[in-house]
Every structure is written in structure tokens, then in C-alpha cells.
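Participant: The sequence shown begins at -12 in the working numbering and counts up one residue at a time. I'd like to ask you about the structure that follows.
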Amino acid sequence: MESCIERAAENLEGQEEINFSKLSLSFTTDVLGQAAFGTDFGLSKKLASSDDDEDTRKIAADTCAEAKASSEFIKMHVHATTSLKMDMSGSLSIIVGQLLPFLHEPFRQVLKRLRWTADHEIDRVNLTLGRQLDRIVAERTAAMKRDPAALQQRKDFLSVMLTARESNKSSRELLTPDYISALTYEHLLAGSATTAFTLTTALYLVAKHPEVEEKLLREIDGFGPRDRVPTAEDLQTKFPYLDQARQTLPRRVYIVRHEFLTAHRARMQVLKEAMRYYPSSPLIARELNQQLEIGGYPLPKGTWVWMAPGVLGKDPKNFPEPEVFRPERFDPNGEEEKRRHPYALFPFGIGPRACIGQKFAIQEMKLSAIHFYRHYVFRPSPSMESPPEFVYSIVSNFKNGAKLQVIKRHI
């Protein structure tokens, strides 16, 4: 993770302005590549500029094809996370499926064969990305057969699954090659775009609020020398303004009392306020597995319930002055945070189906923010529209990218 973040920061060197949306998606995908696949995608590698020496330019020329392939990978990745829209510009089969779920799959099978449809493009991109990930799975499987002991020493998600598959017969029946490929694809899509968007919005919002930036820089600079890498414990305890540490809930607790959650929930400040202000997921869907009454309305088993985090996060009853970016509203010692219901905001979902990569994502965002702010500060670019425009899909995204001015710190 640290190497990917450091490599991404090299792209800021000498830049006056950068599209941070693109950079953040590149390095969060690289982080997932290493953690989930044990593979370096190399998407955030710095390319040579005209000011570089001849040897550097030669190396860059040798890797031109790789850079082009990386660019295409990012384009497909962005398309995969932004094409599942819930309006008329998106997939017709998805729109039909929202109204009549039993018609979704028949419509998709027909529409994906028609070149002019969004369903066709979604299917094409998914197949292309899927083939690349299938290749990684196949290569790792072959490597495991050649040297099983070496694979067991690897700690990435793919290696753990392959090792588990060989542990017994039932695991081999469950963890088929197609199943493993689907899981790795899901981790890639769910774990990179959401983290990239949240980190980008945090930097953008801090750039627009100098008083927040000043307090954040004071906390980061007070940690120690710039080359000191924070440990996991440091990230939990030393940066309360960036993100207050989360207390661990008991593993088997699924239904807990309000008082317990109030005492042990996440107490984020800058990052959580960014997730409240610009949530990465426009909608969260859940299917009821039993009859339930919500707000006086009886809902039968099987009902789909759609939750809108952006609406909840702008509710003035829980968040006074909701249009104001104020991280202090999540200060664990503040009255506003103490009296707020623990489910007033749930950027990672709640319950047993909450985001499995939540802690990983928070750690990644913390390390990234600390590393960037140790060397740079940012300002919104005059060329960027204000307020920003967004594209809403399964993951929110800046319509024209988050363009930030890059200012080198001299401390």
C-alpha cells in the first residue's frame, strides 16, 4: 500500500494542476491489485516528461505500450463503475428490472447482442476486464501447482482463496475458477472506485476550506518527521481530526443496543464529513428477509428497500447546517455527535452485510492523505466548475474530474 501511495505522489512533482479523480482511481486500483491479486498493475507509474534525462525517457519509451494498456484498463474500469446508471441514459435492462425484476435477465440477454445499446457496451467491458482477471487467476493457479509452498506464503486475497480451495473437497466444489474470478472482479470494482471518490472529495473539500486545512496540517505535522510511516496503531490513535479510531464490535454481535453503538461507533471527522457531504454510493439496496414495519408502513418479506445516504446526510435534524462542511460535527466530545443516532449516517453500510473492506479503505485513505499533505497542499482549479457536477451510478463520480492546483510545501 505504501509503495503505491508513494508512486502516486511522484505524479504531483512539478505539476501545477492535476485531475485528482484519475490519479486516485489509478493508485487505489494499484493498491487493490497488490492486496487482492498480488499483482502490480502499474497504473499510477509516473511517465517521463520533456525535462527528464535521456535514460529516463528511454525507459519511458520502452514502457509506452504498458502505459497505453494501463490507460485502457482505467478507461474500462471507470466505465464498469459508471455505466450502471439508474436513469434513461443507462442500461435499459436495469431500468426494466427495477420495475419488473423477473424481466431483467431476459432483457439483458437480448439487449447485449445489439451494438447500439448500453447493455452491449457493459457486457463488452465486463468480458474484457474479466478476461484479464481470469488470466491472473489462471497464472496463479499454475504457479501454485508448480510450487504449493511458495503460494501459501503469499498473503494476498487471491492466494488465500486458492489455498483454501485445495484444503478439502467441499472447498474445491465451492471455490470454482469462475467463482474465484467473480469474487476478485467484485473486490476490484467495489474496493477501488469508492475509496478513490471519497479521498478525492476529502481533498477537494479541504482545499475549499483553509481553516480545516490548517487544523489538519497541524495534526499531521505534529506526528513527527515526514519520513516516519504511521503504523496501524498510529493511524487509530494519532490522527483524531483526520479520522477518529473505530472501536471493534464483538464478532458475533448483529443486533446491539443503541447505547452500545453510541459508545463504540466510528468517530471520524474530516473523512467522515467528506463521506456525509458527498457519499460515494448514491443508493444502497436491501431485500427484506422477513416482514417489517418501517415508519408505520408494513413491508412484506421480499420487499426491496432503497436507502439514499445523500438524503440522510443532509437531514438538518441530525446534521444542523447540512450544506456547511464542518468536520467538528463528528467530534466525539461534541454535543452534536453525542446526541446523534448511530444510524444517521452509514457510509459503509450497517449490520452483517456492511462493507467487508471498510477498515482497509479507511487505512488506505488515511495513509494517502497523510503522505500527500506532508508534501503538498491543494486548491480548487479555476477551470473546475463550482459546485462540481456528478455522474451517479453504483458509485458517484465527478463528471469532469476533480481538478486541483498542486502547491509544494516547504517545511
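A virtual CB, placed ideally from N, CA and C, is assigned to each residue, including glycine. Since this is a predicted model, take the numbers as computed values, not measurements.
Count the other C-beta atoms from every protein chain shown that fall within 10 angstroms of the C-beta of Pro237, then say buried if there are 16 or more, exposed otherwise.
Facilitator: Only weak support exists for where Pro237 lies, its pLDDT of 39 falling under 50; the coordinates are left without a value.
Participant: What does the alpha-carbon distance come out to for the pair His358 and Ser158?
Facilitator: His358 and Ser158: Cα-Cα distance of roughly 41 angstroms.
Participant: What residue from Arg141, Leu222, Pro375 and Phe94 has the CA that sits closest to Leu354's CA?
Facilitator: The candidate whose alpha carbon is nearest that of Leu354 is Leu222.
Participant: Report yes or no: do three or more beta-carbon pairs, one from the segment 334 to 346 and one from the segment 188 to 196, lie closer than 8 angstroms?
Facilitator: They do not touch, by the three-pair rule.
Participant: Are the Cβ atoms of Glu351 and Val124 separated by less than 8 angstroms?
Facilitator: In this structure, Val124 does not lie closer than 8 angstroms to Glu351 by Cβ.
Participant: To which residues of the same chain is Leu279 closer than 6 angstroms at the C-beta, ignoring the five residues directly before and after it?
Facilitator: Excluding residues within five positions, the ones whose Cβ falls inside 6 angstroms are Leu286.
Participant: Alpha carbon to alpha carbon, what distance is there between Pro329 and Ser267?
Facilitator: If I take the Cα positions, the gap works out to 19 angstroms.
Participant: On the three-state DSSP scale, how would you describe Met352?
Facilitator: Helix.
Participant: What is the C-beta distance between Ala151 and Leu162, in whole angstroms, given that I count them as a contact (C-beta under 8 angstroms)?
Facilitator: Their Cβ separation, rounded to whole angstroms, is 7 angstroms, which keeps Ala151 and Leu162 in contact under 8 angstroms.
Participant: Measure the alpha-carbon distance for Pro303 versus Arg100 and round it to whole angstroms.
Facilitator: Spanning the two alpha carbons is a distance of roughly 47 angstroms.
Participant: I'd like the list of long-range same chain contacts for Arg239, defined as Cβ closer than 8 angstroms, with 5 residues on each side in sequence excluded.
Facilitator: Annotation note: pLDDT 36 at Arg239 (below 50); position unreliable, coordinate value reported separately. Closer than 8 angstroms at the Cβ level, and outside the excluded window around Arg239, lies no residue.
Participant: Buried or exposed: where does Gln417 fall if 16 or more other Cβ atoms within 10 Å of its Cβ makes it buried?
Facilitator: Examination of residue 417 is not possible in this model, given that the chain is present from -12 through 398 alone.
Participant: Could you check if His174 is buried or exposed, using at least 16 other CB atoms within 10 Å of its CB as the buried criterion?
Facilitator: Buried, by the Cβ-count rule.
Participant: Assign Ile123 to one of three DSSP states: helix, strand, or coil.
Facilitator: Ile123: helix per DSSP, three-state reduction.
Participant: Output the distance between the C-alpha atoms of Arg273 and Ser380, rounded to the nearest integer angstrom.
Facilitator: Arg273 and Ser380: Cα-Cα distance of roughly 17 angstroms.
Participant: Name, in chain order, the residues that DSSP records as bridge partners for Ala130.
Facilitator: The partner list for Ala130 (beta bridge, DSSP) is empty, contrary to what the question assumes.
Participant: Taking the alpha-carbon positions, what's the Arg215 to Ala105 distance?
Facilitator: Their Cα atoms are separated by approximately 48 angstroms.
Participant: Quick one: Cα of Leu116 to Cα of Glu198, how far?
Facilitator: Approximately 43 angstroms, taken between the alpha carbons.
Participant: For Ser179 versus Gly25, is the C-beta distance shorter than 8 angstroms?
Facilitator: Cβ distance not < 8 angstroms, so Ser179 and Gly25 don't count as in contact.
Participant: Give the straight-line distance between the Cα atoms of Ser168 and Gln256, rounded to the nearest whole angstrom.
Facilitator: Between Ser168 and Gln256, the C-alpha separation is close to 36 angstroms.
Participant: On a CA-only basis, which of Leu12, Phe210 and Ala(-5) is nearest Thr181? Give me that one, please.
Facilitator: The shortest C-alpha separation from Thr181 is found at Leu12.
Participant: If the criterion is Cβ atoms closer than 8 angstroms, does the pair Lys395 and Tyr360 meet it?
Facilitator: For Lys395 and Tyr360, no; Cβs fall outside 8 angstroms.
Participant: Mind reading off the beta-carbon distance from Leu229 to Leu203? Whole number of angstroms is fine, and I expect it under 8 angstroms.
Facilitator: About 6 angstroms; that satisfies the 8 angstroms criterion.
Participant: Do you know offhand how far Leu98's Cα is from Ser80's?
Facilitator: The straight-line gap from Cα to Cα measures roughly 7 angstroms.
Participant: Roughly how many angstroms lie between the CA atoms of Gly289 and Asp27, to the nearest whole one?
Facilitator: Each residue's alpha carbon lies about 42 angstroms from the other.
Participant: Can you tell me whether Phe399 is buried or exposed? The criterion is at least 16 other CB atoms within 10 Å of its CB, across all chains shown.
Facilitator: Missing from the structure shown is residue 399; the chain here goes from -12 to 398 and no further.
Participant: Taking just the CA atoms, how far does His397 sit from Leu270?
Facilitator: Straight-line Cα distance between these residues: approximately 42 angstroms.
Participant: What is the rounded straight-line gap between the Cα of Pro369 and the Cα of Leu391?
Facilitator: The straight-line gap from Cα to Cα measures roughly 9 angstroms.
Participant: If you reduce the DSSP assignment to three classes, tell me which class Asn113 lands in.
Facilitator: Helix, per DSSP.
Participant: Going by C-alpha to C-alpha distance, which of Glu3, Ala23 and Lys32 sits closest to Leu10?
Facilitator: Among Glu3, Ala23 and Lys32, the Cα nearest to that of Leu10 belongs to Lys32.
Participant: In three-state terms, what does DSSP make of Leu391?
Facilitator: Here Leu391 sits in strand by DSSP.
Participant: If I follow the unbroken alpha helix (DSSP H) through Ile207, where does it start and stop?
Facilitator: Segment Pro197 to Asp208, the alpha helix (DSSP H) holding Ile207.
Participant: Quick check on DSSP: helix, strand or coil for Pro237?
Facilitator: Note on Pro237: pLDDT 39, under 50, position unreliable in the model; the coordinate value appears next. Reduced to three states, the DSSP call for Pro237 is coil.
Participant: Rounded to whole angstroms, what is the Cα-Cα separation between Thr218 and Pro88?
Facilitator: Approximately 47 angstroms, taken between the alpha carbons.
Participant: If I measure Cβ to Cβ from Glu4 and keep anything under 8 angstroms in the same chain, skipping five residues before and after, which residues do I get?
Facilitator: If we look at Glu4 and ignore the five residues flanking it on each side, its Cβ neighbours are Ser368, Ser370, Lys390, Leu391, Gln392 and Val393.
Participant: Within a Cβ cutoff of 6 angstroms, which residues of the same chain sit near Asn6, ignoring the five residues on either side of it in sequence?
Facilitator: Within the same chain, Asn6 has close Cβ partners Gly388 and Lys390.
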